Amino acid sequence: MAGNHGRWQHDGSESQKKELSGGLADHLLGVAFEKRKLAKDHIQQVYDSVPAKYHKHIRILSQKEKIWDKDFFLTDEQRRRGLHSYHSKTFVETFRPYVDVEGRITEMIDVHQEHDSGYTLETYADQIGTHWVIECVFDGLNKKGQPVKTRDRAVIGFGGTGVDATNPIENATTSAVGRSLAQAGYGCIGSGLTSFEDMFIDISRQKALEDLNNERKSRVMNQNDRGDVQDLDRDFSRMTKQTCEPDDPVKMKNSLINQLIHLTKGFDQTYVKNRISQLLKVTFNGRFNSLEVGQLRLVEMYFKQEIEDQQVS
1 MAGNHGRWQH DGSESQKKEL SGGLADHLLG VAFEKRKLAK DHIQQVYDSV PAKYHKHIRI
61 LSQKEKIWDK DFFLTDEQRR RGLHSYHSKT FVETFRPYVD VEGRITEMID VHQEHDSGYT
121 LETYADQIGT HWVIECVFDG LNKKGQPVKT RDRAVIGFGG TGVDATNPIE NATTSAVGRS
181 LAQAGYGCIG SGLTSFEDMF IDISRQKALE DLNNERKSRV MNQNDRGDVQ DLDRDFSRMT
241 KQTCEPDDPV KMKNSLINQL IHLTKGFDQT YVKNRISQLL KVTFNGRFNS LEVGQLRLVE
301 MYFKQEIEDQ QVS
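Following this line, the structure appears as structure tokens:
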């Protein structure tokens with residue numbers, strides 16, 4: 001007999017989860033609806049308040065907010081309505097707008113042109129303790145046309161994962177410039193000083209770390225299943241080297257490509273090419289394998305949201 005938490009279900013492993021049903025399901029779906037509505041209303045308010053010429057610099061990112069300290073087996077309908085459940089927690093997926101750094105720079109230049117005023121925007125590397133950082137110093141006018149001088153720093157992620165694995169200096173420079181301009185009021189739309197690039201880099205870092213940890217756990221569990229039980233610390237030390245095998249990122253990328261092919265098959269392909277080019281600010285040739293993993297993840301999030309919006313409307 002199903003109660004608020006529902007019946008037991010088996011997932012792909014042998015662990016068990018309860019179905020989310022009854023009163024608790026209604027409650028969590030209600031919470032999810034309200035949070036997603038607030039997020040959607042906020043996005044609309046941002047578009048209404050920001051001049052149209054800057055709309056192309058407003059970028060939408062997916063975020064997950066915890067709403068319950070337990071995970072459940074979810075139906076397809078519950079997932080479609082924004083619920084996610086894993087790691088002993090249940091989340092609602094919402095979306096939040098951010099301005100990209102190019103938009104902040106564009107807005108800053110426009111303000112100075114309106115006031116016929118000059119500005120300086122300088123970046124340089126510095127070492128603080130054991131870390132190298134990029135510092136940006138902005139000297140000019142704030143969004144209201146008042147003189148201001150701001151500075152901010154971003155750590156260079158040498159030897160990092162995710163996007164930092166290939167472009168650590170560029171990422172730090174972009175972050176520092178965006179934060180420095182945000183202190184002057186540019187690109188602030190209710191999401192704090194954080195730029196789109198800051199969030200995208202942070203998401204990429206978290207995903208890379210999560211993938212690394214999951215790979216480590218999977219390898220250790222597989223060894224334990226074969227009766228080869230070893231000290232976990234020694235296993236994790238050894239796995240750190242093994243998780244950099246060249247086929248891992250290839251599999252990840254191919255999986256994302258297959259998902260995007262499935263997601264976009266109902267769209268006009270010219271629209272897909274133009275939309276991805278606008279989203280990533282690149283000339284997209286129509287081939288998903290020409291994109292990096294981080295770009296593929298962003299495109300996937302965008303089209304999932306577009307499909308959901310179409311279903312709701």
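1 is the number of the first residue of the sequence shown in UniProt numbering; add one for each residue after it.
Here a beta-carbon is modelled for each residue, glycine too, at the ideal position from N, C-alpha and C.
This one's a predicted model, so the numbers in the text were calculated from it and none came from an experiment.
Check: I'd like to know whether the C-beta atoms of Ala182 and Glu135 end up nearer to each other than 9 Å.; Outcome: no
Check: Can you tell me the Cβ-Cβ gap for Asp100 and Arg153, rounded? I've got them flagged as a contact below 8 Å.; Outcome: The pair is not a contact, with the Cβ atoms about 20 Å apart (cut-off 8 Å).
Check: From the DSSP output, read off the bridge partner residues of His128.; Outcome: Per the sequence shown, residue 128 should be read as Ile rather than His. The partner list for Ile128 (beta bridge, DSSP) reads His131.
Check: Spatial neighbours of Asp71 within its chain, please: CB distance less than 8 Å, with the 5 preceding and 5 following residues excluded, ordered by chain position.; Outcome: Lys17, Ser85, Tyr86, His87, Ser88, Lys89 and Thr90
Check: Is Leu121 near Gly140, with beta carbons less than 9 Å apart?; Outcome: yes
Check: Which runs of the alpha helix (DSSP H), 4 residues or longer, sit entirely within the stretch 72-141?; Outcome: 76-80 and 101-114
Check: Per the contact definition of three or more C-beta pairs closer than 8 Å, is the stretch 26-45 in contact with the stretch 283-299?; Outcome: no
Check: Out of curiosity, what's the CA-to-CA distance linking Ala25 and Val92?; Outcome: 13 Å
Check: Report all residues from its chain with a CB closer than 7 Å to the CB of Val111; omit the five preceding and five following residues, and keep chain order.; Outcome: Leu141, Lys143 and Gly145
Check: Look at the alpha carbon of Ala32 and the alpha carbon of Gln113, and state the distance between them as a whole number of angstroms.; Outcome: 44 Å
Check: Report the start-end ranges of each beta strand (DSSP E) in the stretch 265-297 that is 3 residues or longer and not cut off at the edges.; Outcome: none
Check: Residue range of the beta strand (DSSP E) that Thr150 falls in?; Outcome: Pro147 to Val155
Check: On the CB-based measure, 16 or more other CB atoms within 10 Å of its CB, does Pro97 come out buried or exposed?; Outcome: buried
Check: Quick one: is Ser195 buried, meaning 16 or more other Cβ sit within 10 Å of its Cβ, or exposed?; Outcome: buried
Check: Considering just the uninterrupted stretch of the beta strand (DSSP E) at Leu61, what are its terminal residues?; Outcome: Ile58 to Trp68
Check: If I measure Cβ to Cβ from Ala2 and keep anything under 6 Å in the same chain, skipping five residues before and after, which residues do I get?; Outcome: The predicted model places Ala2 with a pLDDT of 42, which falls under 50 and marks its position as unreliable; any figure quoted below should be read in that light. Closer than 6 Å at the Cβ level, and outside the excluded window around Ala2, lie Ser21.
Check: Pull up the distance between the alpha-carbon of Gln78 and that of Lys265, whole angstroms please.; Outcome: 24 Å
Check: Report the three-state DSSP secondary structure of Lys144 (helix, strand or coil).; Outcome: coil
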